[in-house]
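Asker: Here the working numbering runs 61 ahead of the position in the sequence shown, where the first position is 1. Backbone N, C-alpha and C define an ideal beta-carbon position, used for all residues, glycine too.
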Amino acid sequence: MNIFTSDKRQVYMMEEDEEIMEPEETPGFAWRVSLSIIVGIGWLVFLILWFFFYATDYTIYQNIAIILVSILIMCAILGASWASWGIKYGCKFGKK
62 MNIFTSDKRQ
72 VYMMEEDEEI
82 MEPEETPGFA
92 WRVSLSIIVG
102 IGWLVFLILW
112 FFFYATDYTI
122 YQNIAIILVS
132 ILIMCAILGA
142 SWASWGIKYG
152 CKFGKK
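#1: So, under 8 Å CB-CB, Pro88 and Phe154 are touching, yes? Tell me the CB distance rounded to an integer number of Å.
#2: Please determine if the stretch 135-155 and the stretch 92-105 are in contact, where contact requires at least 3 C-beta pairs separated by less than 8 Å.
#3: Looking at the structure shown, is Met74 part of a helix, part of a strand, or coil, going by DSSP?
#4: Closest by CA to Gly103, which one among Ala116, Ser131, Ile127 and Tyr122?
#5: Within the same chain, show all residues whose beta-carbon is closer than 8 Å to that of Leu133, passing over the 5 residues directly before and after it, in chain order.
#6: Look up Gly89 in the DSSP assignment and say whether it is helix, strand or coil.
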């Protein structure tokens, strides 16, 4: 029994000794956050321009379709940029 308790203590001490990294400190985090902000602001600018200049030429259903397609494009851009980061670093931050 003494062997098992010492092994558990060693594992626990090894986990404590590991460097605790915050998500902000990981490589590639800053440009992904910047991209997210730019895409979000760009989407809002697109919606404002669309509603003021182009929406009257289309029916309500076409306008809804344009909004949904723009949301899908925004999600595709952000999903593609964040997926690799999440796969690589997500397991390090999920077990806190």
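Answerer: By the coordinates alone:
#1: Not really, about 14 Å apart at Cβ, beyond 8 Å.
#2: Segments in contact, yes.
#3: With a pLDDT of 47 at Met74, under the threshold of 50, the modelled position of that residue is not reliable, and the figure given next carries that caveat. In this structure, Met74 counts as helix in the three-state DSSP scheme.
#4: Ranking the options by Cα distance to Gly103, first place goes to Ser131.
#5: Here the set comprises nothing.
#6: It is coil, neither helix nor strand.
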